[in-house]
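Q:
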Amino acid sequence: MKRFIEGEDRNQSTLFPELLDDYIAEDNPVRVIDVFVDELDLTGLGFEGMAPEATGRPGYHPASLLKIYIYGYLNRIQSSRRLERETQRNVELIWLTGRLMPDFKTIADFRKDNGKAIRGVCREFIILCRELKMFSEAVVAIDGSKFKAVNNRDKNFTDRKLKARMQQLDESIARYMTELDRADREPTLVTEARVEHIKQKVETVKKQMRELKQIGKRMAQAPDGQISLTDPDARSMATSGRGTGMVGYNVQTAVDTKHHLIVAHEVTNIGHDRDQLSSMAHQAQDAIDKDTLTVFADRGYYKGEQILECEQAGIKTLVPKPQTSGNKAAGLFDKADFRYIPAKDEYRCPAGERAIWRYTRVEDGLTLHKYWSSACPRCPIKGQCTTGEYRRISRWEHEDVLDVMQKRLNRTPRASRIRRQTVEHPFGTLKMWMGATHFLTKTLPRVSTEMSLHVLAYNLKRVMQIFGVAPLVASIQA
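According to this note's numbering, numbering within the sequence shown proceeds without interruption in unit steps and concludes at 1868.
Below, the structure is given as structure tokens:
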């Protein structure tokens, strides 16, 4: 074929380079993986197999298997079977492992047996980034996102789901029994084969009913009243779409606002974020090793006790208050319309009256002070304030912390935008790398290991983009 670029003859002998290293360019990311893993203290991290047995067949060095996994997650290859195939045909992996080709079971068992150590490797890379002075601003954004588990929605049961399923089965049995009664009255309308088929269906439904009753007994003993049959740690969680949900895990991340690196992460099976702020903020503070830290988060993290813990640890939080006021929804004055006067420990209401302290009580473990004004019954604008006799105002004993945070938010009008553009993009990237799928492993510890590999791959790619491969290799070796 003339005027086309032609390939070589398959039967033509070829003189390949004498060195395998000649196939790998100096700016190839596998060189970073190779140097990074070689610099790790794998024994100190707790990897199994670092001290080989004196007898028996020799095993693979943990460093080689770790390199395979990091390469796989960096290139969106998470399956152990696919990694096995890649080690046999991928020149980069052949170079990285020195032509080692472990089978998929060996690769899968390494991830299963070294979960804690692999999570430690993810933290070691954050320490490396800290040594490279990448967290100079000490500002992070925290958010959570739902990731699918291997557990199907039909294999997850809550009290509501169980009752709905039992009702469906009852209706099915009633429908089948009606058809059997019709067959008894008029045998010519229903064939014997159909009757036999219906009887089998009735037995199947009754068996399912017995199984659901057993699940109901197990569910009653579960702490959160929920059972997942495939992955016992996965939980049904609501998502942002109205009336939608998934069975999965709630992944928490703290992302640096300067370089968008995930400095801390945690996998939970709690469907909300209200109790995660303090934990994630402390993890981020430890990761970047700063005495002070500024944290951005969304309304889902707003909880007084969590914000107080952060402030006491030197962590400045910027969390907007949820718009959940019942009075405001009813068109009445909101608590924000009442101005607190610290010097007098009283509130000034919209009508200009004094709402003074009346008593203190403990509700749900919180010490609350109660205030109201004696002028409420004769107030001319009472109809805009309350439907009761008095408008009572509650104030938490540490509410001054929330007031200080609100002033901080008022001085930072772009807080919401900073949070969104910092922490939501990494979640989108990770889910895009995972594809339209779910976690490949089951139970919380193993899912946490899998997530650590995703985060490590994400951070590696970010740092390589910032520094370049060759300078990063030099920095790791320094």
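All residues carry an ideal CB built from backbone N, CA and C; glycine is no exception. Since the model is a prediction, treat every value here as computed from it, not as a measurement.
Can you check which of these residues, Phe1494, Arg1421, Glu1656, is closest to Ser1669 by C-alpha distance?
A: Measuring from the Cα of Ser1669, the nearest candidate turns out to be Glu1656.
Q: Tell whether a beta-carbon distance below 8 Å holds between Thr1707 and Ala1531.
A: Against a cut-off of 8 Å, the Cβ pair of Ala1531 and Thr1707 comes out as no contact.
Q: Per DSSP, Lys1706 is paired with what?
A: Looking at the DSSP assignment, Lys1706 forms a beta bridge with Thr1684.
Q: Asp1621: buried (16+ other C-beta within 10 angstroms of its C-beta) or exposed?
A: Buried, since its Cβ has 16 or more Cβ neighbours within 10 Å.
Q: Taking the DSSP output, what are the residues bridged to Ala1654?
A: Answer by DSSP bridge pairing, in chain order: Ala1644.
Q: May I have the straight-line CA-CA distance separating Leu1756 from Arg1729, to the nearest angstrom?
A: For Leu1756 and Arg1729, the distance between alpha carbons rounds to 22 Å.
Q: Mind checking which residues open and close the alpha helix (DSSP H) that includes His1844?
A: Counting along the chain, the alpha helix (DSSP H) containing His1844 begins and ends at 1834-1857.
Q: Leaving aside the five residues before and after Leu1602 along the sequence, list all residues of the same chain whose C-beta is less than 7 Å from its C-beta, in chain order.
A: If we look at Leu1602 and ignore the five residues flanking it on each side, its Cβ neighbours are Leu1552, Arg1555, Met1556.
Q: Less than 8 Å between the CB atoms is what I'm expecting for Pro1419 and Met1854, so what's the real figure, rounded?
A: Rounded, the Cβ-Cβ distance is 6 Å, consistent with contact.
Q: Using 8 Å as the Cβ pair cut-off and three pairs as the minimum, do the segment 1505-1519 and the segment 1425-1444 touch?
A: With a cut-off of 8 Å, the segment 1425-1444 and the segment 1505-1519 count as touching, because enough Cβ pairs lie within range.
Q: Whole angstroms is fine: what's the gap from Arg1836's alpha carbon to Lys1502's?
A: Approximately 7 Å, taken between the alpha carbons.
Q: Consult DSSP for Thr1487 and reduce its assignment to one of helix, strand or coil.
A: Three-state result, Thr1487: helix.
Q: Alpha carbon to alpha carbon, how far is Met1627 from Cys1766?
A: Distance between the alpha carbons of Met1627 and Cys1766: 44 Å.
Q: Just the Cα atoms here: how many angstroms apart are Phe1525 and Phe1686?
A: In a straight line, the C-alpha of Phe1525 is about 16 Å away from that of Phe1686.
Q: Looking at the secondary structure, which residues open and close the beta strand (DSSP E) in which Glu1736 lies?
A: Looking at the DSSP string, the run of the beta strand (DSSP E) that includes Glu1736 is 1736-1738.
Q: I'd like to confirm the pairing. Which residues does DSSP put opposite Ser1340 in its beta bridges?
A: One cannot answer for residue 1340 here, as it falls past the ends of the chain, which runs 1391 to 1868.
Q: Output needed for Pro1816: all residues of its chain with C-beta closer than 8 Å, excluding positions within five of it in sequence on either side, in chain order.
A: The residues are Thr1643, Val1645, His1650, Ile1652, Tyr1848.
Q: Whose CA, out of Ser1806, Ser1784, Lys1648, Ala1719, lies closest to the CA of Gly1690?
A: The candidate whose alpha carbon is nearest that of Gly1690 is Ser1806.
Q: Tell whether a beta-carbon distance below 8 Å holds between Leu1846 and Phe1515.
A: Yes, these two residues count as a Cβ contact at 8 Å.
Q: Output needed for Ile1783: all residues of its chain with C-beta closer than 8 Å, excluding positions within five of it in sequence on either side, in chain order.
A: Excluding residues within five positions, the ones whose Cβ falls inside 8 Å are Lys1725, Phe1728, Tyr1737, Ala1745, Lys1760, Tyr1761, Trp1762.
Q: With DSSP as the reference, please indicate the residues paired to His1828 in a beta bridge.
A: Beta-bridge pairing links His1828 to no other residue.
Q: Given a threshold of 16 other Cβ atoms within 10 Å of its Cβ, counted over all protein chains shown, does Arg1852 qualify as buried or as exposed?
A: It is buried - the Cβ of Arg1852 has at least 16 other Cβ atoms within 10 Å.
Q: Leu1410: buried (16+ other C-beta within 10 angstroms of its C-beta) or exposed?
A: Per the 10 Å Cβ criterion, exposed.
Q: Just the C-alpha distance for Arg1520 and His1672, rounded to the nearest angstrom, thanks.
A: Cα to Cα, the separation comes out at about 16 Å.
Q: Could you have a look at Glu1779 and say whether DSSP puts it in helix, strand or coil?
A: It is coil, neither helix nor strand.
Q: With Arg1744 as the anchor, note down where its beta strand (DSSP E) starts and where it stops.
A: Residues 1744-1753.
Q: Do Leu1758 and Arg1785 come within 8 Å of each other at the CB atom, strictly closer than that value?
A: It is a contact, given that the beta carbons lie within the stated cut-off.
Q: Would you decide whether Ser1630 is buried or exposed? Buried here means 16 or more other CB atoms lie within 10 Å of its CB.
A: It is exposed - the Cβ of Ser1630 has fewer than 16 other Cβ atoms within 10 Å.
Q: For a quick check, are the C-beta atoms of Tyr1461 and Ile1423 less than 8 Å apart?
A: Yes, the Cβ-Cβ distance between Tyr1461 and Ile1423 is below 8 Å.
Q: Between which two residues does the beta strand (DSSP E) containing Val1425 stretch?
A: Taken as a continuous stretch (DSSP letters only), Val1425 belongs to no beta strand (DSSP E), being part of the alpha helix (DSSP H) at 1420-1428.
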